[in-house]
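Everything on this sheet refers to the single structure shown next.
Protein chains in written order, with this note's numbering: chain A, 1 to 341; chain B, 342 to 601.
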């Protein structure tokens, strides 16, 4: 900003104010924080079930819920960054499952092959993410269709690759379950720590780096982003590749939960992650949302399942409650967006 | 004060069988506001897109400060110091004002925080944004951290213009900046355009808003049938005469080289 401009400012006339915009107060900022809604919902759900059931409020139960969150939680992070760009990924579960199969088959012969197998799995997942990213950004096809096609292909490819359940031995692949740490009464596995770290690192990248702002800008208004000089194709491809890397991490988390994998594993992972992302306050229209919210969204679903089970309610009602929550979250987002315009 | 800053010679742009620009010339002089007017389909948008790097011409040359330039994208033009304010404002509505000002040109923290962790210098970007708003005498924005979608149309236009002024070292191009605004908001934006001119950066103003053109322009470039028909001074002609020249009802008078 030049000196000249400041001199011009000194003699500048006042531009008349033409609208009543509210001042931004601290209260405003707290209420505008997008994580507040899902956080409040999570706390409320925990309080309700703690009062209504005998066993919900226990360190063991909370530890269990955290351990259950690692796979869908990690997948939801990849789903979030894709949805932030205005896309959606229906193939995330299928990519991860193929990743686990590739890793397990390569590592089947020897414990020493586990780390190379992991590297191959990482490459496979990242490459599949890149395929979606290239088609979406270069050809401009709708992400819904691209990833639906990829999902169909990968489900068949996984079954062609192997039809049986594959086991991995205890070793580097299962290390995420091996370390258990006690915090007071809480039993925290290494997998839980890794998923929390993933949330923090991704949150930092999205909010504190130029790349993160470009991700939001692409989801907000792709043409505008392009006109400000942002290489929108590169941003899109980087997002899909990073999502692929996160799916590989989810594959590792899956081995931490169970050493067995099969082509039939995690059949609803794509919808579960979209559920978590939406409940977490991220807009399906792109450009608004947080990874922290998505992880909280994943926890909310698990808390509901756990709480309703403890209350002795038919598991089918859990799905009904989750469905209502999804619609309510999207309704809230739509209303907010209309108000903002 | 009358050196030519941005110049175009014999620009041709065809879209299939349609020739949008048919050998158009253009010149913008230092320290002036040059309005570009023309009927719909006269090819003024295509000409402007050539100048802002949005469109690559089929023939002709563009010169900045007397040197030939070849813009392949708006980014090339930006690097050369030419900023464009688009009619549909290039902004990310969910992001705040300071973020939008620096979008695509973010500042990083100094030291390892910036180089290794790629951390943005949010404080510095906000401070510079405030300075820029003060420098342009913009008082309608309460906070630099407001998201853009909480702003009125006039305020959004103000932010877009401020961004162009901040980074447009050589030329600022504005496409219909008052089209969607009320009378008072238009006046604010026109004042802003004058202030940019007064800082020494010439402004190209594409507009259908004749009163606005006559109020701020130093010269008026009249575009007709894909070419520059003539350039006039607003003081020399009545508004309806200029409209007559633009539509072909009146013969174009001789071109004026500089503002009076």
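Cβ atoms here follow ideal geometry from the backbone N, Cα and C, with glycine treated the same way.
These figures come from a predicted structure and were not determined experimentally.
Secondary structure note for residue 189 of chain A: its beta strand (DSSP E) is the uninterrupted segment 186 to 189.
In this structure residue 416 of chain B is not in contact with residue 140 of chain A, their Cβ atoms being roughly 19 Å apart against a cut-off of 8 Å. Distance from the CA atom of residue 309 of chain A to the CA atom of residue 55 of chain A, rounded to whole angstroms, is 10 Å.
The continuous stretches of beta strand (DSSP E) do not include residue 152 of chain A, which lies in the alpha helix (DSSP H) extending over residues 143 to 161. In chain order, 165 place their CB closer than 6 Å to the CB of residue 262 of chain A, counting only its own chain and leaving out the 5 sequence neighbours on each side. Residue burial annotation: residue 567 of chain B is buried, with at least 16 other C-beta atoms found within 10 angstroms of its C-beta.
Straight-line spacing of the CA atoms in residue 108 of chain A and residue 168 of chain A works out to 6 Å. Ranked by Cα distance from residue 424 of chain B, the options B:452, B:404 and B:390 are led by B:390. Residues of chain A with a Cβ closer than 8 Å to the Cβ of residue 460 of chain B are, in chain order, 208 and 209.
A:58 is the residue among A:41, A:58 and A:217 whose C-alpha sits nearest the C-alpha of residue 185 of chain A. Taking 7 Å as the Cβ-Cβ cut-off, the segment 403 to 427 of chain B approaches chain A at 415, 416, 419 and 427, given in chain order. Distance between residue 302 of chain A and residue 275 of chain A, taken at the CA atoms: about 12 Å.
Residue 138 of chain A is classed as exposed because its beta carbon has fewer than 16 other beta carbons within 10 Å across all chains shown.
In this structure, residue 555 of chain B places its C-beta atom within 8 Å of the C-beta atom of residue 580 of chain B. With fewer than 16 other Cβ atoms inside 10 Å of its own Cβ, residue 590 of chain B counts as exposed. Non-local C-beta neighbours of residue 219 of chain A in its own chain, meaning closer than 7 Å and more than five positions away in sequence, comprise 84, 85, 86, 286 and 287, ordered along the chain.
The C-beta of residue 398 of chain B has 16 or more other C-beta atoms within 10 Å across all chains shown, which makes the residue buried.
With respect to residue 500 of chain B, residue 442 of chain B sits close: the two C-beta atoms are nearer than 8 Å. Taking 8 Å as the upper bound on Cβ-Cβ separation, chain B lies near residues 287 and 288 of the segment 280 to 293 of chain A. In this structure, the beta-carbon distance from residue 384 of chain B to residue 353 of chain B does not fall below 8 Å. Contact between residue 73 of chain A and residue 329 of chain A is absent: CB atoms are separated by about 17 Å, not below the 8 Å threshold. Cα atoms of residue 564 of chain B and residue 395 of chain B: separation of roughly 19 Å, rounded to the nearest angstrom. The C-beta of residue 515 of chain B comes no closer than 8 Å to any C-beta of chain A.
In this structure, the alpha-carbon of residue 291 of chain A lies about 8 Å from that of residue 280 of chain A.
Close to chain B, meaning a Cβ-Cβ distance shorter than 8 Å, is no residue of the segment 77 to 104 of chain A at all. Residue contact check for residue 445 of chain B against chain A: a CB pair falls below 8 Å. Here residue 202 of chain A really is in contact with residue 77 of chain A; their C-beta atoms are around 6 Å apart, less than 8 Å. Nearest Cα to residue 473 of chain B within the set B:427, B:400, B:454 and B:540: B:540. The residue from B:358, B:368, B:518 and B:360 with its alpha-carbon nearest to that of residue 346 of chain B is B:368. Interface flag for residue 185 of chain A against chain B is unset, since no Cβ pair is found closer than 8 Å.
Across the segment 227 to 247 of chain A, CB contacts with chain B closer than 8 Å involve 227, 228, 229 and 230, in sequence order along the chain.
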